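Every position in the sequence shown, counted from 1, becomes a number in our numbering once 176 is added. What follows is a single structure, written as structure tokens, with notes after it.
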Amino acid sequence: MFFYIVLSYLIKYFTNTRYSYYLRIKNKDIIVKSKIKYSGSKLRLNIGDFVQYYIFMDGAYEIETLDFVASFIDRKVFLDVGAHIGNYSLSLHKRAKKIYAFEASATNVNYLKENIRANKIGNIKTIDKAVCNEDNKSIKIYLSPDASSNHSIYDKFKGKYENVETVTLNSFYKKNNIEEIDVIKIDVEGAEFAVIKGASKILHKFTPLLIVEFCKASADAAGYDLSDMYYYLKDLGYQSFALYNRMLSTINVDAINTDNKFQQNIIFVHGDNLSMVQDSFLLK
């Protein structure tokens, strides 16, 4: 694998053929050491995995969304729901007051824990449960053969799975006496609406900033319409925005319903908190 490691560094710094090279090394176990953007934490990455490959190449994954969250996270409490190997949590831990990283896959969360230990990080708490709208239920999470970030409780990837227990954010915050929740990121391959329903008390009490993945294919697999999740949050007083070049533009709900390939991180800001984003980002 030494050949691939050397070639990966050459691709990173000297060429524009990143995606084609990823297809060449996809699903191979190629372990490299790198640093993640914002915090500079040292990571052990398997670049045969899609997200880890782009963390290695760019310093982080979903950099524009991360830039947005980083601008609000100083001394704040952050819930990272669908933490995967810690792209958001490990990037933001030096800025955030406290991070609760929820990850259902034992393989992924063990990777995250390894990197937390290696960097001696004290303000990230990992929770190896599937966040849902029910507590203490044993379910299966099916393992994607293509990318560890795509594991899902809905898509049955060739029958390979891990057993995991569910938890709601409502019960978690109450049980742990959490007095502040400022930002929640939700990316759980179709379970986003269940997470939101199970966080109703948090949304009413704290009105946190939300970053929610909207993916039509995943929502279809889970059996709900993306517009239902959109209107659920709208009824709670949230306004929705797409992020592009530090500009927040309002969402066209018709596009959510009609575009079969719709997949995007949507920013939800409660009406009481709009001034928080207006100071740093243009609203269109």
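Note that the Cβ used here is the ideal one computed from N, Cα and C, for glycine as well. Predicted model only: the values in this text are computed from it and were never measured.
Excluding the 5 residues flanking residue i on each side, which residues of the same chain have their C-beta closer than 7 Å to its C-beta?
i: Lys-373; result: Asn-309
i: Phe-274; result: It should be noted that the sequence gives Lys, not Phe, for residue 274. Hits under 7 Å: Val-253 and Asn-299.
i: Arg-194; result: Ile-187 and Met-233
Can you find the residues in the same chain that come closer than 6 Å, C-beta to C-beta, to residue i, ignoring five residues on each side of it along the sequence?
i: Lys-270; result: Ser-215
i: Ser-394; result: Glu-365 and Gly-366
i: Ile-297; result: His-269
i: Val-453; result: Val-445
i: Tyr-198; result: Tyr-229
i: Lys-188; result: Met-233
i: Leu-466; result: As shown, the chain starts at 177 and ends at 460. That puts residue 466 outside it, with no answer to give.
i: Phe-226; result: Ala-323
i: Leu-412; result: Leu-379
i: Asp-363; result: Gly-258 and Glu-389
i: Lys-361; result: Asp-256, Tyr-264 and Ile-387
i: Val-429; result: Ser-403 and Tyr-406
When the distance is taken between beta carbons, is residue j closer than 8 Å to residue i?
i: Asn-203; j: Gly-224; result: yes
i: Ala-431; j: Ser-425; result: no
i: Ile-443; j: Phe-244; result: yes
i: Phe-348; j: Lys-392; result: no
i: Ser-217; j: Asn-291; result: yes
i: Glu-389; j: Asn-441; result: yes
i: Ala-236; j: Ile-206; result: no
i: Ala-375; j: Val-340; result: no
i: Ala-277; j: Ile-249; result: no
i: Tyr-330; j: Leu-319; result: no
i: Asp-311; j: Val-343; result: yes
i: Lys-252; j: Ala-272; result: yes
i: Lys-313; j: Asn-346; result: no
i: Asn-433; j: Asp-396; result: no
i: Phe-382; j: Asp-404; result: no
i: Ser-265; j: Ser-324; result: no
i: Leu-242; j: Ser-210; result: no
i: Pro-321; j: Lys-332; result: no
i: Leu-385; j: Asn-436; result: no
i: Ser-328; j: Ile-317; result: yes
Which whole-angstrom value is the C-beta distance of residue i and residue j, which I expect to be below 8 Å?
i: Val-371; j: Val-208; result: Actually they are not in contact, since the Cβ atoms of Val-371 and Val-208 sit about 32 Å apart, beyond 8 Å.
i: His-446; j: Tyr-414; result: 5 Å
i: His-260; j: Asn-295; result: Contact flag wrong, Cβ pair sits at about 17 Å.
i: Ile-231; j: Asn-263; result: 6 Å
i: Ile-357; j: Leu-255; result: 6 Å
For residue i, write down the residues that DSSP places opposite it in a beta bridge.
i: Phe-417; result: Thr-426 and Ile-443
i: Thr-302; result: Ala-277
With a threshold of 8 Å on Cβ separation, who are the neighbours of residue i within its own chain once the five nearest residues in sequence on each side are excluded?
i: Ile-201; result: Tyr-180, Ser-184, Ile-223, Gly-224 and Tyr-229
i: Ile-427; result: Tyr-406, Ser-416, Phe-417, Ala-418 and Ile-442
Quick check on residue i - is its C-beta less than 8 Å from some C-beta in chain D?
i: Thr-302; result: Although the question refers to chain D, the structure presented lacks it and comprises just one protein chain.
Less than 7 Å between the CB of residue i and some heavy atom of the ligand ADP, yes or no?
i: Asp-234; result: This structure lacks the ligand ADP, and indeed carries no ligand of any kind.
Problem set entry | Length at least 3, wholly inside the region 304–341: the beta strand (DSSP E) runs in chain order | 314–318
Exercise. Taking only runs of the beta strand (DSSP E) that begin and end inside the region 341–393, which ones reach a length of at least 3 residues, in chain order?
Worked result: 359–362 and 385–391
Exercise. What alpha helix (DSSP H) runs, 4 residues minimum, are completely inside the region 193–280?
Worked result: 194–201, 226–234, 239–246 and 263–268
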